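Q: Just dropping this structure here.
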Amino acid sequence: MDDTFFRKCSNNGSFLSLCTWNNILLGLDENYTPIRTYQVCQVMEPNQNNWLRTSWIEKGDAQRIFVELKFTLRDCNSLPGVVGTCKETFNLYYQETDSEVGRNIRENQYVKIDTIAADESFTQGDLGERKMKLNTEVRIIGPLSRRGFYLAFQDVGACIALVSVKVYYKKCWSIIENLATFPDTVTGSEFSSLVEVEGTCVSDAEEEADNSPKMHCSAEGEWLVPIGKCICKAGFHQKGDACEPCGRGFYKSSSQDLQCSRCPAHSYNDREGSWRCDCEDGYYRGLSDPPSVACTRPPSAPQNLVYNINQTTVSLEWSPPADTGGRNDVTYRIMCRRCSWEPEECVACGGNVGYSPQQAGLVDTYVSVVDLLAHANYTFEVEAVNGVSDLSRTQRLFAAVSIATSQATPSQVSEVIKERVQQRSIQLSWQEPEQPNGVITEYEIKYYEKDQKDRIYSTVKSRSTSATVNNLKPSTAYVFQIRAFTAAGYGTYGPRLEVTTKEEASATIVSSEQNPVIIIAVVAVAGTIILVFMVFGFIIGRRYALAVKFPGTKTYIDPETYEDPNRAVHQFAKELDASCIKIERVIGAGEFGEVCSGRMKLPGKRDMSVAIKTLKVGYSEKQRRDFLCEASIMGQFDHPNVVHLEGVVTRGKPVMIVIEYMENCSLDAFLRKHDGQFTVIQLVGMLRGIAAGMRYLSDMGYVHRDLAARNVLVNSNLVCKVSDFGLSRVIDDDPEAVYTTTGGKIPVRWTAMEAIQYRKFTSASDVWSYGIVMWEVMSYGERPYWDMSNQDVIKAIEEGYRLPAPMDCPPGLHQLMLDCWQKDRADRPKFDQIVGILDKMIRNPNTLKTPVGTCTRPISPLLDQSTPDFTTFRSVGEWLEAIKMERYRDNFTAAGYSSLDSVARMSIEDVMSLGISLVGHQKKIMSSIQTMRAQMLHLHGTGIQV
Numbered sequence: 001m002d003d004t005f006f007r008k009c010s011n012n013g014s015f016l017s018l019c020t021w022n023n024i025l026l027g028l029d030e031n032y033t034p035i036r037t038y039q040v041c042q043v044m045e046p047n048q049n050n051w052l053r054t055s056w057i058e059k060g061d062a063q064r065i066f067v068e069l070k071f072t073l074r075d076c077n078s079l080p081g082v083v084g085t086c087k088e089t090f091n092l093y094y095q096e097t098d099s100e101v102g103r104n105i106r107e108n109q110y111v112k113i114d115t116i117a118a119d120e121s122f123t124q125g126d127l128g129e130r131k132m133k134l135n136t137e138v139r140i141i142g143p144l145s146r147r148g149f150y151l152a153f154q155d156v157g158a159c160i161a162l163v164s165v166k167v168y169y170k171k172c173w174s175i176i177e178n179l180a181t182f183p184d185t186v187t188g189s190e191f192s193s194l195v196e197v198e199g200t201c202v203s204d205a206e207e208e209a210d211n212s213p214k215m216h217c218s219a220e221g222e223w224l225v226p227i228g229k230c231i232c233k234a235g236f237h238q239k240g241d242a243c244e245p246c247g248r249g250f251y252k253s254s255s256q257d258l259q260c261s262r263c264p265a266h267s268y269n270d271r272e273g274s275w276r277c278d279c280e281d282g283y284y285r286g287l288s289d290p291p292s293v294a295c296t297r298p299p300s301a302p303q304n305l306v307y308n309i310n311q312t313t314v315s316l317e318w319s320p321p322a323d324t325g326g327r328n329d330v331t332y333r334i335m336c337r338r339c340s341w342e343p344e345e346c347v348a349c350g351g352n353v354g355y356s357p358q359q360a361g362l363v364d365t366y367v368s369v370v371d372l373l374a375h376a377n378y379t380f381e382v383e384a385v386n387g388v389s390d391l392s393r394t395q396r397l398f399a400a401v402s403i404a405t406s407q408a409t410p411s412q413v414s415e416v417i418k419e420r421v422q423q424r425s426i427q428l429s430w431q432e433p434e435q436p437n438g439v440i441t442e443y444e445i446k447y448y449e450k451d452q453k454d455r456i457y458s459t460v461k462s463r464s465t466s467a468t469v470n471n472l473k474p475s476t477a478y479v480f481q482i483r484a485f486t487a488a489g490y491g492t493y494g495p496r497l498e499v500t501t502k503e504e505a506s507a508t509i510v511s512s513e514q515n516p517v518i519i520i521a522v523v524a525v526a527g528t529i530i531l532v533f534m535v536f537g538f539i540i541g542r543r544y545a546l547a548v549k550f551p552g553t554k555t556y557i558d559p560e561t562y563e564d565p566n567r568a569v570h571q572f573a574k575e576l577d578a579s580c581i582k583i584e585r586v587i588g589a590g591e592f593g594e595v596c597s598g599r600m601k602l603p604g605k606r607d608m609s610v611a612i613k614t615l616k617v618g619y620s621e622k623q624r625r626d627f628l629c630e631a632s633i634m635g636q637f638d639h640p641n642v643v644h645l646e647g648v649v650t651r652g653k654p655v656m657i658v659i660e661y662m663e664n665c666s667l668d669a670f671l672r673k674h675d676g677q678f679t680v681i682q683l684v685g686m687l688r689g690i691a692a693g694m695r696y697l698s699d700m701g702y703v704h705r706d707l708a709a710r711n712v713l714v715n716s717n718l719v720c721k722v723s724d725f726g727l728s729r730v731i732d733d734d735p736e737a738v739y740t741t742t743g744g745k746i747p748v749r750w751t752a753m754e755a756i757q758y759r760k761f762t763s764a765s766d767v768w769s770y771g772i773v774m775w776e777v778m779s780y781g782e783r784p785y786w787d788m789s790n791q792d793v794i795k796a797i798e799e800g801y802r803l804p805a806p807m808d809c810p811p812g813l814h815q816l817m818l819d820c821w822q823k824d825r826a827d828r829p830k831f832d833q834i835v836g837i838l839d840k841m842i843r844n845p846n847t848l849k850t851p852v853g854t855c856t857r858p859i860s861p862l863l864d865q866s867t868p869d870f871t872t873f874r875s876v877g878e879w880l881e882a883i884k885m886e887r888y889r890d891n892f893t894a895a896g897y898s899s900l901d902s903v904a905r906m907s908i909e910d911v912m913s914l915g916i917s918l919v920g921h922q923k924k925i926m927s928s929i930q931t932m933r934a935q936m937l938h939l940h941g942t943g944i945q946v
């Protein structure tokens, strides 16, 4: 013990009295180092008050001080004659000051910390044997607020030796955590306090957005509770606890990226720490292109530019350029110039000429130019452009054609007859167009396989009105279209004709002259073999879930037929590494856990947005199987209108299903959010996409069972995709086969009657559901059957009620809905027919105005017992009360609508003019008015136009 640490006190009664502690050499410790102690042993006299005080101790940043005392104490029983005067304890005090104050502190100004007692005491014999029984005690002072303090020791009659006094405080030592440096930090003033410390990002790192790095220093000097982090800046990547620059030929465009990436194609960099790569000469990066995409160049010129002339209208068609420049955003723009009969004298066509669908930004490879001058020369240039065309300084490439409008092209070839159909050839004949508009020199026959949908087609020329198309496939459906050619150019293609080639003949032909007994025997043996193979194949198929796949078809396999469901998951779903998936935020909740959005970055590919379904913690094995069953189903589908499965994570936590991200979420919510903002053709386009996806599922032998707008997702391009296969079940190859459920909930408002009553589901019941989806789309997400109960809905449908046309819904679309809701499922259209009808409506919007259904049995959506007979109401008030809109009685009265006849003539504008601002109420009133019109027209013949 150092003498400078303690100051002896005087025998001044006004301050510290009876200072009889002595600084003496006690002995040697285990290292033979002299031990100096302060000791006192005034045990013979009563009322001892002996004090010892330390030097002034500056505390620095510490607020909580630890004092460790080591001392020896003699047992009073070993001292004869000291009964009543000997003590075995001493007191510890402290006093806070801002500076040294010498001895000017009175005893009563000290604050007592504790009375210190010995756990071990010694006797005279122990001391003689040099066995020192050392006691260690630790006490805590705090919180301290002054610059420093004194410690004082009071003896009240003990025989004690103070061996050492250690005064210290605790701190958390500096550390680097999550790329942030946290400095030495003194602990807090309380035992339970945590000191929050903000970290400083290491060099070339920055704080993550809204997530600054913090840690907490505990009272014991340990770092706890890390929050937030730093991330390496663009151009740098993490290595250990530091950020290093990306090497040459590599880049990192964002601090959010984990690693540096190699420069994409046709780009480079020759410096370290780059956030992007520069494009090579002749290559460019679009203004909206991220640094991760390859540099690209403008496309080459369009190919095979052809034209048709019809009086003052020119139709141009062309093929895509041979070189798209490495981009998929190629569009086309048209330049029109009117030329005089003198060469080189051309002027722009100007604003009097129209373009359909538009002059620039064309996605399809055709355009019609209208309102041209008759008997004039025109030059048309078609240029392919992409996202970097405007950045290029090279010469523009385009296809050009010069046309004179002096003669019209021939009209359509409308009547085509199939003369002879063989296995590999089809003979066709046709009549000359009604308006040849000149001498027809040849005909062009365009044909393609039906499932190719005009993506890949071939042509045959003919100088007469008949032709034979050869080199076809047996048992294959082909589509044929024909157009005529004159000096004015090609006319437009006529209607499509679908013809299926004959089946290929059997390889074995039995002569009719052979012995009938042999023929019978051969047939019997062959039949037996076929029967054995069918039975064996059925058993194997049920046990191992094998499906017979015919050429050109793909058959769905029910995961429930697998003995081990995990085998189905790994057969149909790609296993992903959990480290490739980054969950960013929760966007919803599913039956088994949360639904999140995030990013997926696979090796060698750029990252993409995905949706992630997670399995909640604490799941059972059955829940895990049911959760992954949907992935086993989705993994079998590959269609642009069916949500795509990216893969699954089954070997980590949490278990995840990763699917493509659909920016606009569910269709019903999307439509309600954008009520009235789309054209009818846009809505029909959405319905066409849903029908195409359902046609694909139906062709695979698959029944969805829960088709509804809430289970259709919409991406940023308004492409609709069928999703949610939780209730889906497989059907057999027999189109009339059904699946009978064993229980569970049924979405009544979307389900066909036979499925509600008998729990039998087919593709025809999916068609019924599709009709409800059509109604949801055209009503912008309104609830089917409004506020009717499920029981009322079932009763109404049984009695023949069908939903009326939504407001502003074209008659053609409503007729298609009614066809989907035929009571007999055999009378409902197939999804293939629905797609064809919608295609026709998109190509020719005039067909929307005329009901063109697929069924011959008429049904009435309105004239049934479950719909109120509005013709029986005596007043407008009774009608409003029947539809639960009586709150608007005064609105109608004030506007002069006193009779139902006047109400039946109201339009949506009239309803809005009454001050009815709620869109749902507007729709409900207009729907009721439309029903009223139909009833009046049907029952009373009032002549009101529906």
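Residues in the sequence shown are numbered consecutively from 1, following full-length UniProt numbering.
In this text, a Cβ means the ideal position worked out from N, Cα and C, and glycines have one as well.
Fair warning: this is a prediction, and the values are worked out from it, not measured in the lab.
Check residue 881 in the structure and name its three-state DSSP category.
A: Three-state result, residue 881: helix.
Q: Here's a check: name, in chain order, each residue in its chain whose Cβ is nearer than 8 Å to the Cβ of residue 22, leaving out the five neighbours to either side.
A: Correct list, in chain order: 38, 39 and 40.
Q: Identify every residue that forms a DSSP beta bridge with residue 211.
A: Bridge partners of residue 211: 208.
Q: DSSP beta-bridge partners for residue 666?
A: DSSP lists 713 as partners of residue 666.
Q: So, with DSSP's three-state summary, where would you put residue 317?
A: Residue state, collapsed to three classes: strand.
Q: Where does residue 776 land, buried or exposed, given buried means 16+ other C-beta within 10 angstroms?
A: So residue 776 ends up on the buried side.
Q: Comparing alpha-carbon positions, which option in 826, 782 and 689 lies nearest residue 752?
A: It is 826.
Q: Would you kindly report the start and end of the unbroken alpha helix (DSSP H) that includes residue 814?
A: Counting along the chain, the alpha helix (DSSP H) containing residue 814 begins and ends at 811 to 820.
Q: Please state the DSSP three-state secondary structure of residue 217.
A: In this structure, residue 217 counts as strand in the three-state DSSP scheme.
Q: Just the Cα atoms here: how many angstroms apart are residue 256 and residue 659?
A: Going from the Cα of residue 256 to the Cα of residue 659 covers about 22 Å.
Q: I think residue 241 touches residue 195, with their Cβ atoms under 8 Å apart; what is that distance to the nearest whole Å?
A: The pair is not a contact, with the Cβ atoms about 22 Å apart (cut-off 8 Å).
Q: Within 8 Å of any Cβ in chain B, is that where the Cβ of residue 101 sits?
A: No chain B is present in this structure, which holds just one protein chain.
Q: What are the uninterrupted segments assigned as alpha helix (DSSP H) that are 4 or more residues long and contained completely in the UniProt domain "SAM" (871 to 935), given in chain order?
A: Those alpha helix (DSSP H) runs which fall completely within the UniProt domain "SAM" (871 to 935) and span 4+ residues are 876 to 882, 889 to 894, 900 to 904, 908 to 913 and 919 to 935.
Q: To the nearest angstrom, how far is it from the Cα of residue 336 to the Cα of residue 892?
A: Distance between the alpha carbons of residue 336 and residue 892: 56 Å.
Q: Taking 8 Å as the cut-off, does the stretch 143 to 154 touch the stretch 169 to 179 (at least 3 CB pairs, one atom from each stretch)?
A: With a cut-off of 8 Å, the stretch 143 to 154 and the stretch 169 to 179 do not count as touching, because too few Cβ pairs lie within range.
Q: DSSP state of residue 223, grouped into three classes?
A: Looking at residue 223 - three-state DSSP - the assignment turns out to be strand.
Q: Say yes only if the C-beta of residue 772 is nearer than 7 Å to one or more non-hydrogen atoms of the ligand FAD, and no if none qualify.
A: This structure lacks the ligand FAD, and indeed carries no ligand of any kind.
Q: Assess contact between the stretch 75 to 87 and the stretch 39 to 57, defined as three or more Cβ pairs (one per stretch) separated by less than 8 Å. Is contact present?
A: Yes: the two stretches touch, three or more of their Cβ pairs being nearer than 8 Å.
Q: DSSP three-state label for residue 541, please.
A: Model confidence at residue 541 stands at a pLDDT of 41, short of 50, so the residue's coordinates are unreliable and nothing is read from them.
Q: Quick check on DSSP: helix, strand or coil for residue 278?
A: Residue 278 falls in the strand class under three-state DSSP.
Q: Kindly list the residues whose CB is nearer than 7 Å to the CB of residue 111, restricted to its own chain and excluding five residues on each side of it in sequence; keep chain order.
A: Contacts found: 93, 94 and 95.
Q: Just grab the DSSP bridge partners of residue 430 for me.
A: In the DSSP output, where bridge partners are listed per residue, residue 430 has 416.
Q: Below 8 Å, can you find three or more Cβ-Cβ pairs linking the stretch 555 to 568 to the stretch 630 to 650?
A: Output reads yes: the stretch 630 to 650 touches the stretch 555 to 568.
Q: What residue range does the beta strand (DSSP E) around residue 402 cover?
A: 398 to 404 is the span of the beta strand (DSSP E), which, as asked, contains residue 402.
Q: Can you give me the Cβ contacts of residue 225 inside the same chain, cut-off strictly under 6 Å, excluding the 5 residues immediately before and after it?
A: 216, listed in sequence order.
Q: Distance check for residue 295 and residue 266, CA to CA, integer angstroms please.
A: Cα to Cα, the separation comes out at about 5 Å.
Q: Please classify residue 947 as buried or exposed, where buried requires at least 16 neighbouring CB atoms within 10 angstroms.
A: With the chain represented from 1 up to 946, any question about residue 947 goes unanswered, as that position is not in the structure.
Q: Roughly how many angstroms lie between the CA atoms of residue 967 and residue 232, to the nearest whole one?
A: In the structure displayed, the chain extends from 1 to 946; residue 967 sits before or after that span and is not available.
Q: When DSSP labels each residue in this structure, what does residue 237 get in the three-state scheme?
A: Note: residue 237 maps to strand in three-state DSSP.
Q: Please name the residue, chosen from 772, 363, 168 and 813, that lies closest to residue 797 on a Cα-to-Cα basis.
A: Looking at the Cα atoms, 772 is the closest of the given residues.
Q: Is residue 905 buried or exposed, if buried means 16 or more other CB atoms sit within 10 Å of its CB?
A: By the 10 Å Cβ count, residue 905 comes out exposed.
Q: Between the C-alpha atoms of residue 484 and residue 433, what's the straight-line distance to the nearest angstrom?
A: Each residue's Cα considered, the two are about 8 Å apart.
Q: May I ask you to verify whether the stretch 490 to 502 touches the stretch 473 to 482, counting CB pairs closer than 8 Å and requiring at least 3?
A: Short answer: they touch.
Q: Return the chain-ordered list of same chain residues with a C-beta closer than 8 Å to the C-beta of residue 595, the five sequence neighbours on each side being excluded.
A: Result list for residue 595: 586, 587, 588, 589, 611, 612, 613 and 614, in chain order.
Q: Compute the Euclidean distance between the alpha carbons of residue 293 and residue 387, then round it to the nearest angstrom.
A: The straight-line gap from Cα to Cα measures roughly 12 Å.
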